[in-house]
Every structure is written in structure tokens, then in C-alpha cells.
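Right, one structure below, let's go through it.
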Amino acid sequence: MRSRARVHVATLFLSTVVASALLATGGGAAHARTPSPPSSSSFGLPASVDGGAWASGHLQGTAIDRRRGHMYFSFTNLLVKTDLEGRPIGSVTGLTGHLGDLDFNSADGRVYGSLEYKAAEAFYVAIFDGSRITRMNMDARTTDVLSTVHLREVVRDYTADMNGDGVFDGDTGNTPDHRYGCSGIDGVAFGPDLNGRGGGRLTVAYGVYSNTARTDNDHQVLLQYDVRDWRKYERPLSEDAMHTSGPASPGGKFFAYTGNTTYGVQNLEYDGDSGDWLMAVYKGRKAAFPNYGLYVLDGSKPARRGEVKGQPRPESGRIVSLLPRGLHHEPSGVYGYESGGQYGLVSLDDGRHYVAEAGTVDSGGTTLQTGRAVLHRWTGAVPNPFAVRGSAR
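If you read the sequence shown in my numbering, its first letter stands for residue 10, the second for the next number, and so on.
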């Protein structure tokens, strides 16, 4: 189970020092090499891309810019940019919130990620300009690599006083507060309108607290936004004065019935090959559900109006359907798979996917977090629909 606590400033300092030392001395496998710019606009796809080893939080998500040959890794409080050989090109530090899943927006060439500040009751989409990430340890607060957009809808659900006692219980799952069990946000992905009306949208998935004592937290909640006019909302990151510049409401709000999970959709990805959506999660603990690690939304079925099950008062919403393939739990009607993807998932839209692996290494008594993206192909087999694939050029 991942830690959601705020990262202390000292940890950020240690990350900067250790990462710089590794670059200078060759103390880390991925960081001993000298960064080199990509030489072509046409890149082969290696069997794996190493994201390096860092004094940071664990790996949360990955994104790829195929045209420029760059991979991005989110390490909770650190963003790392590499080439496709795993050579580090730059990094962004200075984040004391929680940086989660990432996705690359081919329309504007920028990287979008989820960014949480629970103590401040502030939730943002973080937008990184990868072209400006050109050196290691660029500070997110003092350089021009990062802008943020506030998500008011998430704040409303996260801070909801569900039992009406006039007290918001804060960052804990052991409470009836938080509408739909909302713990913030994590998964992000670009893809079509879930209403089936076409058009590209940014989809943001809620984190959901693990709580087996309530019935209103059994859906994955997805918000969709048209980001084409978001420049007017974007503001620099200022952790001393959290801004609230952002859309008043999402363009759409959708519910997928999966059963409760532990912190909701960790990685969300739209697969252009199948037209479906992949939701990788940390397993839930409710005995009434199968608690799979991967759920697939059926992209051929637009959202329909239906019941949002288990709510304190009857509620209807836009319901999206699980793909009726894979493992099937008849008592709940839930379909899914057992697989990785919780630490990073990238669809190449041709049946291939990078599935991330997270780990740790010891460096002189300091525990460093590692991550790498490994090439797989989608087979649809059960229980694991991904099979490792070698280098493809």
C-alpha cells in the first residue's frame, strides 16, 4: 500500500543531493551515463526503458513522447525525463505534494499529471513543458517548466461532510466523509468523450479510500475535461499560496462499477488499438467483489444514465460499462484481469504497451526508488492479458 503522506523538505533536499552525486560519480546505473539529445525524429522502441534510481517516492506513472524519443517517469515528488535508452535528460524537483499518473498530450506536446495537496484541500492537473526540461534538478516553483490547473469538482467531493456532523474528517479512509470515498485524484489519460460524441478529452480518475464498512465507494469516478482552452486557467505552482484557477465543473462525470479499490485508479490509459480504457488499481478488500488488479472500460458503449449504486440517497449518473471479457465474477457481475500497470501504463495504440515496474536499491545506506517501463503485447488472455515482448524497431 502506497504512502500518501506529504514529503518532508529534507527528503527533497536528499533527492537533489543523491541524484546529483550519482550523475557526478557514476554511482547509479542509469545516471552514470552522460545525457545526449535525440538524433532523429524516428525512434525505435526498446524492450525496456530504465527510469533510474532516486531518493524520492516510488514510481507512480509514465508517459512517452514518441516523436522526440523521450520517456517521462513520475516518482511521487520528482519528475524524470529520459531518452529511450534510459539516459537522463532532465528532472523536476521541489514538489511537496503527490505527483501521480502521467500522460502525454500530442496536441500540445506537453505532459499532464495528477497533483495532490491533501492538507491544503487542493487538487491540480500538473502540466509540464517537456521542451524546457533540459537539465537535472529544475525547481518546479522557480522555473517555467510547470503550470497547474485547479479541479474544483474534486475538492467538493473530497471535502464533503457526508454524515452531516459539521466536521470534515480530513485525510482518512476510516470515516463516512468524502463523497464516493474520494481520496483525491491519480489516473490521467487522453481519449474520446465517454458519452460517445467523439473529440479528445482529458480524463481524470479519482483516488478512492479503502473502506469496507461503507457501500457508496464501489465505483471508479472519472471526470472529463476539454483542455483546449485551459491556458486561461494555468498558473505557476505556488505552495505558499494555493490558487483556485480552473474550470467550475467538468465536462462530464462518469461512474464505473468495480467494487471498492485501494486508492482508486492508479493508472488510466486509453488504448487506441481496441478503443477501450484500461484502469490499473491496487486491489480492494471487500469480500463481495473479485478485487481484480485491472479493469477495462468498453469503449464501444457510450455512457448511459443509470443508478450510482450504494449511495445514501438514490442517485443517478452517467454509467460506463466494463468490457465483458477476461475474468468474470458472477455474484457482482464485475469483469477484470490480474496484471501489472499500477506503477505506469502506456499504450502504443498498436497492441503494444509499456508496463512499468517499481523497486528499490540500496546506495551507501540510502534506499533509492527505481522504475522501468517494459514492453508488452496485449493478448487478452486470463488471468494476465499482457505478455512481455522483446525489442521492436
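Glycine is no exception: its CB is placed at the ideal position from the N, C-alpha and C atoms.
All figures in this text were calculated on a predicted structure; none of them were measured in a lab.
Report yes if the C-beta distance between residue i and residue j is below 8 angstroms; otherwise report no.
| i | j | result |
| --- | --- | --- |
| glycine 122 | aspartate 110 | yes |
| leucine 287 | aspartate 307 | no |
| tyrosine 215 | glycine 273 | yes |
| glycine 61 | valine 89 | yes |
| arginine 150 | leucine 232 | no |
| methionine 145 | glycine 99 | yes |
| histidine 338 | phenylalanine 298 | yes |
| lysine 66 | glutamine 378 | Note on residue identity: the sequence assigns glycine, not lysine, to residue 66. Yes; because the gap between Cβ atoms is below 8 angstroms, this pair is in contact. |
| glycine 368 | phenylalanine 82 | no |
| arginine 161 | glycine 70 | no |
| threonine 157 | glutamate 243 | yes |
| aspartate 235 | serine 356 | no |
| valine 317 | histidine 228 | yes |
| valine 58 | alanine 382 | yes |
| threonine 270 | valine 217 | yes |
Which residue comes first and which comes last in the beta strand (DSSP E) that contains residue i?
| i | result |
| --- | --- |
| valine 164 | Taken as a continuous stretch (DSSP letters only), valine 164 belongs to no beta strand (DSSP E), being part of the alpha helix (DSSP H) at 161–167. |
| alanine 131 | 131–137 |
| asparagine 114 | 107–114 |
| tyrosine 81 | 79–83 |
| arginine 210 | 209–217 |
| proline 97 | 97–102 |
| aspartate 59 | 57–63 |
| arginine 386 | 375–387 |
Here's a check: name, in chain order, each residue in its chain whose Cβ is nearer than 8 angstroms to the Cβ of residue i, leaving out the five neighbours to either side.
| i | result |
| --- | --- |
| proline 394 | Leu303, Gly335, Tyr346, Ser348, Trp387, Thr388 |
| proline 321 | Met171, Asp225 |
Let me check understanding here. Comparing Cα to Cα, which of the options lies closest to residue i?
| i | options | result |
| --- | --- | --- |
| proline 185 | Gly208, Phe298, Ala222 | Ala222 |
| glutamine 275 | Leu108, Trp63, Gly208, Gly53 | Leu108 |
| phenylalanine 113 | Gly209, Pro55, Asn146 | Gly209 |
| aspartate 74 | Thr181, Gly53, Tyr167 | Gly53 |
Return helix, strand or coil for residue i, following the three-state DSSP convention.
| i | result |
| --- | --- |
| glycine 308 | coil |
| glycine 302 | coil |
| tyrosine 352 | coil |
| aspartate 285 | strand |
| threonine 74 | For the sequence presented, residue 74 should be read as aspartate rather than threonine. Correct three-state label for aspartate 74: strand. |
| alanine 198 | strand |
| tyrosine 242 | coil |
Skipping 5 residues on each side, what residues in its chain have a beta carbon closer than 7 angstroms to that of residue i?
| i | result |
| --- | --- |
| threonine 224 | Gly319 |
| threonine 169 | The identity of residue 169 in the sequence shown is alanine, whereas the question assumes threonine. Excluding sequence neighbours, alanine 169 sits near Asp186, His187, Arg188. |
Considering only residues of the same chain and omitting the five flanking positions on each side of residue i, which have a CB-CB separation below 6 angstroms?
| i | result |
| --- | --- |
| arginine 327 | Phe263, Ala312 |
| valine 329 | Leu203, Phe263, Ala265, Leu306, Ala312 |
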